[in-house]
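*Asks:* Provided herewith is a single structure, encoded as structure tokens, for subsequent inquiry.
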Amino acid sequence: MQRISKFYLQEARYLIGSDEEETELWLDYANNDYKIGKVVNPVLEKLARLVAKELLGRKHSVNFAYKFAKIKEKK
96 MQRISKFYLQ
106 EARYLIGSDE
116 EETELWLDYA
126 NNDYKIGKVV
136 NPVLEKLARL
146 VAKELLGRKH
156 SVNFAYKFAK
166 IKEKK
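In the numbering used here, the protein residues as written are 96 to 170.
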């Protein structure tokens, strides 16, 4: 039986915001980079940057294949 040995996040898009405003946050996990959509509120922009850096720090170049070892094959 073959097993998954590689599973990396490459890109993701998130919606981040408050009651007044929201924007998109694009994360490029493969290249450890991010982009924030149009933001008027500087506080929201600062929070979006913090979220992006935190997510990239935890998931950049991480191989998640070990999680599949816990999944049993269905017959």
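Just so you know, even glycine gets a beta-carbon here, dropped at the ideal spot from N, CA and C.
(1) What three-state label does DSSP hand Tyr109 in the structure shown?
(2) Can you tell me the Cβ-Cβ gap for Ala147 and Tyr129, rounded? I've got them flagged as a contact below 8 Å.
(3) Once the 5 residues before and after Glu117 are set aside, which same chain residues still bring their CB inside 7 Å of it?
(4) Asp128 bridges to which residues according to DSSP?
(5) Write down the C-beta distance between Glu140 and Leu122 rounded to the nearest angstrom, noting that I regard them as a contact closer than 8 Å.
(6) May I ask you to report which of helix, strand or coil DSSP gives Glu115?
*Replies:* The structure says:
(1) Position 14 of the sequence shown, counted from the first residue, corresponds to residue 109. Tyr109 falls in the strand class under three-state DSSP.
(2) Working through the sequence shown from its first residue, we reach residue 147 at position 52. Working through the sequence shown from its first residue, we reach residue 129 at position 34. That pair is a contact at about 4 Å.
(3) Position 22 of the sequence shown, counting from 1, holds the residue named residue 117. Leu110, Ile111, listed in sequence order.
(4) The count along the sequence shown starts at 1 and reaches residue 128 at position 33. The partner list for Asp128 (beta bridge, DSSP) reads Asp123.
(5) By 1-based counting over the sequence shown, the position of residue 140 is 45. By 1-based counting over the sequence shown, the position of residue 122 is 27. The beta carbons of Glu140 and Leu122 sit about 15 Å from each other, so the pair does not count as a contact at 8 Å.
(6) Residue mapping note: residue 115 aligns to position 20 of the sequence shown, counting from 1. If DSSP states are grouped into helix, strand and coil, Glu115 belongs with coil.
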